[in-house]
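Novice: In the numbering used here, the protein residues as written are 5 to 292.
Ideal Cβ placement from N, Cα and C applies to all residues, glycine included.
Following this line, the structure appears as structure tokens:
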């Protein structure tokens, strides 16, 4: 029990660094309001737990919540047994999950409607082109390089935002371009489709309908049915590495030593088919 509590404690501390990036302090006093580091650490942990519960949509009586924390301290007396506590939490979890699912479904409907409204208005704006499947794009800079093939590997800089301007991903922030196969739809099929229409050196703005992005499932940081906006700069394209042949060898082969080894007297020798297959498997494992 103590080990589990410690694991949770350190997990919360690790999460605090992520929270710090997303929140702004409302305290301007330079003098600490705490009389000890122990007090300050306790308050900080309370802030973190409260924020995490709030983010998860937990709806409880906070006064009673605090009372529960106090009652489990040495010398305290709890109002529930351990079994009652577990049963209560299990019941609450079911209710909370049902509530979250309902909220998620309602948000999905809202996102779909907002996305359709945005795309309907956006397609009439200067420079915006709409493809038959609904994908929209605007050319910011027209490159003069090659067009990527469906099996090529591209290098791009990009910035992705939601309709409200929230940035959910950016290679610019990471300080280095991203490289990946064109046919791997990391942001959905709309992204893959657009890349094959861009020449190297181009910079486009993409407006991707939800069904060409993450659809009804969404993903971390992106709610279901979200329309996505990207600024994409295609830096380069190259053929994908040729795959190692997986066809099994059925006959022996003659291995010829290098010219240097031949001068030293080493003779050609026979490699059994099973030995060559073993070498191929080892090479494939090394490449992966």
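1. Near residue 235, what residues of its chain come up, given a Cβ to Cβ distance below 6 Å and the 5 sequence neighbours on each side ignored?
2. Closer than 8 Å by C-beta to residue 174: which residues in its own chain qualify, once you throw out the five before and the five after it? Chain order, please.
3. According to the neighbour-count rule (16 or more other Cβ atoms, all chains shown, within 10 Å of its Cβ), is residue 70 buried or exposed?
4. Residue range of the beta strand (DSSP E) that residue 240 falls in?
5. Considering only the alpha carbon of each residue, which of 200, 111, 102 lies closest to residue 159?
6. Under a three-way DSSP split, which group does residue 259 fall into?
7. Thinking C-alpha only, which one of 43, 79, 58, 120 is nearest residue 230?
8. Within the segment 65–98, note down every full alpha helix (DSSP H) run reaching 4 residues or more, in order along the chain.
9. So what does residue 275 bridge to, in DSSP terms?
10. Cα separation between residue 222 and residue 52?
11. Mapping DSSP to helix, strand and coil, what is residue 166?
12. Is residue 141 helix, strand or coil when you go by DSSP?
13. One question on the structure: do residue 153 and residue 143 come within less than 9 Å of each other, judged by their Cβ atoms?
14. Looking at residue 204: is its Cβ nearer than 9 Å to the Cβ of residue 148?
15. Using the Cβ count rule (16 or more neighbours within 10 Å means buried), how would you classify residue 273?
16. Excluding five sequence neighbours on each side, which residues of the same chain lie with their C-beta closer than 7 Å to the C-beta of residue 156?
17. In its own chain, which residues sit with a C-beta less than 8 Å from the C-beta of residue 38, not counting the 5 before and 5 after it?
18. Are residue 123 and residue 189 close, meaning C-beta to C-beta below 9 Å?
19. By the DSSP assignment, the beta strand (DSSP E) with residue 133 in it spans what residues?
20. Residue 177 lies in the beta strand (DSSP E); which residues open and close that run?
21. Which value, in whole angstroms, describes the spacing of the CA atoms of residue 138 and residue 110?
22. Does the distance from the C-beta atom of residue 207 to that of residue 183 stay below 9 Å?
23. How long is the line joining the alpha carbons of residue 73 and residue 140, rounded to whole angstroms?
24. Alpha carbon to alpha carbon, how far is residue 105 from residue 278?
25. Within a Cβ cutoff of 6 Å, which residues of the same chain sit near residue 225, ignoring the five residues on either side of it in sequence?
26. Going by beta-carbon coordinates alone, are residue 61 and residue 107 separated by less than 9 Å?
27. Opposite residue 208 in the DSSP bridges: which residues?
28. What's the call for residue 27, buried or exposed, on a 16-neighbour Cβ count within 10 Å?
29. Can you name the start and end residues of the alpha helix (DSSP H) that residue 45 belongs to?
30. Compare the beta carbon distance of residue 80 and residue 66 with 9 Å and say whether it is the shorter of the two.
Specialist: Let me spell this out:
1. For the purposes of this step, residue 235 is taken as the residue at position 231 of the chain shown. These residues qualify, in order along the chain: 163, 209.
2. In the chain shown, the residue the question calls residue 174 occupies position 170. These residues qualify, in order along the chain: 162, 163, 164.
3. One-based indexing of the chain shown puts residue 70 at position 66. Exposed, by the Cβ-count rule.
4. The sequence position of residue 240 within the chain shown is 236, counting from 1. Looking at the DSSP string, the run of the beta strand (DSSP E) that includes residue 240 is 232–243.
5. For the purposes of this step, residue 159 is identified with residue 155 of the chain shown, where counting begins at 1. Residue 159 has its Cα closest to that of 200, out of 200, 111, 102.
6. For this step, residue 259 is matched to residue 255 along the chain shown. Reduced to three states, the DSSP call for residue 259 is strand.
7. As a working mapping, residue 230 is identified with position 226 in the chain shown. Measuring from the Cα of residue 230, the nearest candidate turns out to be 120.
8. 66–75
9. Counting from 1 along the chain shown, the entry for residue 275 is found at position 271. Paired residues: 257.
10. Walking along the chain shown from the start, residue 222 turns up at place 218. Walking along the chain shown from the start, residue 52 turns up at place 48. Cα-Cα distance, rounded: 26 Å.
11. Locating residue 166 in the chain shown gives position 162, counting from the first residue. Residue state, collapsed to three classes: coil.
12. Position 137 of the chain shown, counting from 1, holds the residue named residue 141. Three-state DSSP puts residue 141 in a strand.
13. Counted from its first residue, the chain shown places residue 153 at position 149. Counted from its first residue, the chain shown places residue 143 at position 139. Not in contact: residue 153 and residue 143 (Cβ atoms no closer than 9 Å).
14. Position 200 of the chain shown, counted from the start, is the residue given in the question as residue 204. Position 144 of the chain shown, counted from the start, is the residue given in the question as residue 148. Yes, they are a contact pair.
15. For the purposes of this step, residue 273 is taken as the residue at position 269 of the chain shown. Label assigned to residue 273: exposed.
16. Counting from one through the chain shown, the residue named residue 156 turns up at place 152. Around residue 156: 186, 241, 242, 243, 244.
17. Taking the chain shown and counting its residues from 1, one reaches residue 38 at position 34. For residue 38, where only same-chain residues beyond five positions count, the Cβ hits under 8 Å are 44, 47.
18. Taking the chain shown and counting its residues from 1, one reaches residue 123 at position 119. Taking the chain shown and counting its residues from 1, one reaches residue 189 at position 185. Not in contact: residue 123 and residue 189 (Cβ atoms no closer than 9 Å).
19. Your numbering for residue 133 matches position 129 in the chain shown. Where residue 133 is concerned, the enclosing beta strand (DSSP E) stretches over 132–134.
20. Counting from one through the chain shown, the residue named residue 177 turns up at place 173. No beta strand (DSSP E) contains residue 177, which is instead part of the alpha helix (DSSP H) from 175–178.
21. The count along the chain shown starts at 1 and reaches residue 138 at position 134. The count along the chain shown starts at 1 and reaches residue 110 at position 106. Taking the straight line joining both Cα atoms gives about 23 Å.
22. Stepping through the chain shown from its first residue, residue 207 is reached at position 203. Stepping through the chain shown from its first residue, residue 183 is reached at position 179. Contact: no.
23. Taking the chain shown and counting its residues from 1, one reaches residue 73 at position 69. Taking the chain shown and counting its residues from 1, one reaches residue 140 at position 136. For residue 73 and residue 140, the distance between alpha carbons rounds to 53 Å.
24. Walking along the chain shown from the start, residue 105 turns up at place 101. Walking along the chain shown from the start, residue 278 turns up at place 274. Answer to the nearest angstrom: the Cα atoms are 55 Å apart.
25. Here residue 225 corresponds to residue number 221 of the chain shown, with the count starting at 1. Same-chain partners within the cutoff: 172.
26. Position 57 of the chain shown, counted from the start, is the residue given in the question as residue 61. Position 103 of the chain shown, counted from the start, is the residue given in the question as residue 107. It is a contact, given that the beta carbons lie within the stated cut-off.
27. The count along the chain shown starts at 1 and reaches residue 208 at position 204. Looking at the DSSP assignment, residue 208 forms a beta bridge with 143, 236.
28. Residue mapping note: residue 27 aligns to position 23 of the chain shown, counting from 1. Caution is warranted here: a pLDDT of 48 is assigned to residue 27, below 50, making its placement in the model unreliable, and the coordinate value is therefore given only provisionally. Looking at its Cβ environment, which holds fewer than 16 other Cβ atoms inside 10 Å, residue 27 is exposed.
29. On the chain shown, residue 45 is found 41 positions in, with the first residue counted as 1. Note, residue 45: alpha helix (DSSP H), 41–59.
30. One-based indexing of the chain shown puts residue 80 at position 76. One-based indexing of the chain shown puts residue 66 at position 62. Cβ atoms of residue 80 and residue 66: not closer than 9 Å.
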